[in-house]
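Here the sequence shown is numbered in my numbering, starting from 22 and rising by one per residue.
Beta carbons are placed, not taken as given, at the ideal position from N, Cα and C, and that holds for glycine.
Notes follow once the structure below has been shown.
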Amino acid sequence: MDLVIRNARVIDGTGGPSYRADVAIADGRVAEIRREGEGTGPRPTGTRTLDADGLALSPGFIDMHAHSDLALLRDPAHEAKAAQGVTLEVLGQDGLSYAPVDDATLTEVRKAITGWNGDGSDIDFDWRTVGEYLDRLDRQGIAVNAAYLIPQGTVRMYAVGWDDRPATRAEIQRMKQLVAEGLEQGAVGMSSGLTYTPGMYANDSELTELCRVVAQYGGYYCPHHRSYGAGALQAYEEMVSLTRDAGCALHLAHATMNFGVNKGKAPDLLALLDDALDAGADISLDTYPYTPGCTTLVAMLPSWASEGGPDAILTRLRDDGTAERIRHHMEVIGSDGCHGVPIEWDTIEISGVSETGLAGCVGSTIAHSAAQRDEAPWVTARRLLINDRLGSTILQHVGHEENVRQIMRHRVHTGGSDGILQGSKPHPRAYGTFPHYLGRYARELGILSLEETVAHLTSRPAPRLRLPDRGLVREGYRADLVLFDPDTVAAGSTFESPRTLPVGIPHVLIDGRFVIEDGRRTDVLAGRSVRRTDKSTETKDPSARPAS
Numbered sequence: 022m023d024l025v026i027r028n029a030r031v032i033d034g035t036g037g038p039s040y041r042a043d044v045a046i047a048d049g050r051v052a053e054i055r056r057e058g059e060g061t062g063p064r065p066t067g068t069r070t071l072d073a074d075g076l077a078l079s080p081g082f083i084d085m086h087a088h089s090d091l092a093l094l095r096d097p098a099h100e101a102k103a104a105q106g107v108t109l110e111v112l113g114q115d116g117l118s119y120a121p122v123d124d125a126t127l128t129e130v131r132k133a134i135t136g137w138n139g140d141g142s143d144i145d146f147d148w149r150t151v152g153e154y155l156d157r158l159d160r161q162g163i164a165v166n167a168a169y170l171i172p173q174g175t176v177r178m179y180a181v182g183w184d185d186r187p188a189t190r191a192e193i194q195r196m197k198q199l200v201a202e203g204l205e206q207g208a209v210g211m212s213s214g215l216t217y218t219p220g221m222y223a224n225d226s227e228l229t230e231l232c233r234v235v236a237q238y239g240g241y242y243c244p245h246h247r248s249y250g251a252g253a254l255q256a257y258e259e260m261v262s263l264t265r266d267a268g269c270a271l272h273l274a275h276a277t278m279n280f281g282v283n284k285g286k287a288p289d290l291l292a293l294l295d296d297a298l299d300a301g302a303d304i305s306l307d308t309y310p311y312t313p314g315c316t317t318l319v320a321m322l323p324s325w326a327s328e329g330g331p332d333a334i335l336t337r338l339r340d341d342g343t344a345e346r347i348r349h350h351m352e353v354i355g356s357d358g359c360h361g362v363p364i365e366w367d368t369i370e371i372s373g374v375s376e377t378g379l380a381g382c383v384g385s386t387i388a389h390s391a392a393q394r395d396e397a398p399w400v401t402a403r404r405l406l407i408n409d410r411l412g413s414t415i416l417q418h419v420g421h422e423e424n425v426r427q428i429m430r431h432r433v434h435t436g437g438s439d440g441i442l443q444g445s446k447p448h449p450r451a452y453g454t455f456p457h458y459l460g461r462y463a464r465e466l467g468i469l470s471l472e473e474t475v476a477h478l479t480s481r482p483a484p485r486l487r488l489p490d491r492g493l494v495r496e497g498y499r500a501d502l503v504l505f506d507p508d509t510v511a512a513g514s515t516f517e518s519p520r521t522l523p524v525g526i527p528h529v530l531i532d533g534r535f536v537i538e539d540g541r542r543t544d545v546l547a548g549r550s551v552r553r554t555d556k557s558t559e560t561k562d563p564s565a566r567p568a569s
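Now the structure itself:
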């Protein structure tokens, strides 16, 4: 054997009781599991032995909602996720990412999501298709495995542009072709951001046609749906109905119930999902274990103000009359960008800016910054949007703890960080989601048992991605494994110090290779793209890139 892990408390991902065992690894897979007290022959031996007494051994965690699309290229070591025990993350979220594109679309999408991923000025965009992007990850080498969702907003930008109108038949055919090509090249499904432009301009008929293509390839649809505030339940029902009509599997992104109108309404959402599941629907969901959300400040604007793309938005903001219309829509009516709820500026905290000269804004709410300037909050927000060229990220403090706890107990729940790694004060979920589940919600609060929590983070998401050999500690499965201390594991990241690494996770392995060892990042880049095939999802042959 290459490695034998002795005396581990194996939490195997099934949700069943843990057990003590030796786990032997060879050729990147779990070769033997010898339970304590079982077997009559000698214990397995290996080139290397690790005594895991006092540690739990679990499958690697799967981050079902990640925004690391450029972060993996910018910093392949990717310690923010590797240190949490994440061994696979799903990119291309919320309908906006960097493939498939042509040159013009790439220019626009880089502007549109600067707040999520930076402007990309430090990246060589040497790809245009989904397959070329995945090849780039493999060629460069990455710390964790990565799967990709085709971003519907980017596809619409490519085929239709930024216009708020129904797509023509020819444009729909072009979008269906782009989605099919992306799936053939390895994407595992399609995402949408239906409170982000231009994806939100698509009607249900258009989305249904695209989802039918996704279903033909055995993928899944992952929508950030049209509202997490006013009309949230109706927005969830819309997605359930749409995918039922399309015959497509549904995975609900960051399935929260936010804003005052939804306080205490998690049971209503769960009842809706249970009814659909009992009727035969194929549904899963992910959440992060925190109450604030995180997005860009420009996302709060009404959709009509965003038509035409980033340059058109800035033109409208600079015009006093149009800016006043935007303010009225946001503060009085409730914009679709803010989920139909009138914006409360004291809940909008600036978490990052693109222009270094604006760094003093970070950590303050719009309301607080406005009070310091003795001006109206919209004046402050408008100035920031213009001066930062729409690159500002925010934390939106509109969640409810009781909703978070109830949703994470659900039978189809999985974990997703929704981690935006940009900004000097990002949401702590980017660095802390998975240890926070284990330490805060399992050990301290007992919302789930440790065994149940591990299952939510491993074996539940693996089937959604059609991974036949991940998500469990089982002989023959890939040795994507995490060793953690159940008594001390915790998120180090806080809202005050969001880039602090977790504690209590000394070892993380991908394909049997240590990417975290003794609590420190190694120089091993064991990750690679994970691609959809006709029958399952497979990992790209590592020989496709130089060994790391």
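| Asked | Found |
| --- | --- |
| Are the region 506-523 and the region 143-155 touching by the rule of at least three beta carbon pairs closer than 8 Å? | no |
| Leaving out the 5 sequence neighbours to the left and right, which residues in its chain are closer than 7 Å to P563 when beta-carbon positions are compared? | Bear in mind that the predicted position of P563 carries a pLDDT of just 41, short of 50, making it too unreliable to give a figure here. |
| Which of helix, strand or coil does DSSP assign to Y242? | strand |
| Taking all protein chains shown into account, decide if G162 is buried (16 or more other Cβ within 10 angstroms of its Cβ) or exposed. | buried |
| Is the beta carbon of S213 closer than 8 Å to that of G113? | no |
| A47 by DSSP, collapsed to three states: which one? | strand |
| Would you mind stating whether G373 and T414 have Cβ atoms separated by less than 8 Å? | yes |
| Taking only runs of the alpha helix (DSSP H) that begin and end inside the region 23-99, which ones reach a length of at least 4 residues, in chain order? | 92-95 |
| Where do the N-terminal and C-terminal ends of the alpha helix (DSSP H) with L158 fall, by residue? | 151-161 |
| Can you tell me whether A270 is helix, strand or coil according to DSSP? | strand |
| For the region 458-467 against the region 55-67, do three or more pairs of beta-carbon atoms, one drawn from each stretch, fall closer than 8 Å, so that the two count as touching? | no |
| Does the separation of the CB atoms of E110 and R542 fall below 8 Å? | no |
| Could you name the residues of the same chain whose beta carbon sits closer than 7 Å to that of V130, not counting the 5 residues immediately before and after it, in chain order? | L117, Y119, V122, T175, M178 |
| Figure out for me which residue from P507, R450, A547, A77 has the closest Cα to the Cα of T515. | R450 |
| Confirm, please, whether the CB-CB distance from L231 to L263 is below 8 Å. | no |
| If you reduce the DSSP assignment to three classes, tell me which class G220 lands in. | helix |
| Roughly how many angstroms lie between the CA atoms of L254 and A87, to the nearest whole one? | 24 Å |
| Quick one: what does DSSP say Q417 is sitting in, helix, strand or coil? | strand |
| How many angstroms separate the CA atom of D48 from the CA atom of D23? | 7 Å |
| If distances are taken between C-alpha atoms only, which option among R27, N28, G34 comes closest to D501? | G34 |
| Look at the alpha carbon of E365 and the alpha carbon of S470, and state the distance between them as a whole number of angstroms. | 37 Å |
| Run through the region 416-484 for me and flag every whole alpha helix (DSSP H) of 4 or more residues, listed as ranges in chain order. | 422-429, 450-457, 471-478 |
| Taking a contact to mean a Cβ-Cβ separation below 8 Å, would you say T368 touches V419 in this structure? | yes |
| Which same chain residues, not among the five before or five after R64, have their C-beta less than 7 Å away from its C-beta? | D43, R55 |
| Closer than 7 Å by C-beta to C53: which residues in its own chain qualify, once you throw out the five before and the five after it? Chain order, please. | Just to set this straight, residue 53 is Glu in the shown sequence, not Cys. Hits under 7 Å: A45, P65, E496. |
| Decide if R247 is buried, meaning its Cβ has at least 16 other Cβ atoms within 10 Å, or exposed. | buried |
| To the nearest whole angstrom, what separates the beta carbons of R30 and A77, a pair I think is in contact under 8 Å? | 5 Å |
| To the nearest angstrom, report how far apart V319 and A302 are at their CA atoms. | 35 Å |
| Exposed or buried, which one is P567 when buried takes at least 16 other CB atoms within 10 Å? | Model confidence at P567 stands at a pLDDT of 30, short of 50, so the residue's coordinates are unreliable; what they give is reported in the following sentence. Exposed, by the Cβ-count rule. |
| Please classify N166 as buried or exposed, where buried requires at least 16 neighbouring CB atoms within 10 angstroms. | buried |
| Is A380 closer than 8 Å to I347 when the C-beta atoms are compared? | no |
| Identify the continuous alpha helix (DSSP H) that holds G203 and give its terminal residues. | 190-205 |
| If I measure Cβ to Cβ from I387 and keep anything under 6 Å in the same chain, skipping five residues before and after, which residues do I get? | W366, I369, P398, T401, A402 |
| With 16 other CB atoms within 10 Å as the buried threshold, where does V353 fall? | exposed |
| Check each candidate in D395, S226, L504, T316 and name the one with the smallest Cα separation from P573. | Lying outside 22 to 569, the shown extent of the chain, residue 573 is not represented and no answer is given. |
| Near L273, what residues of its chain come up, given a Cβ to Cβ distance below 6 Å and the 5 sequence neighbours on each side ignored? | L306 |
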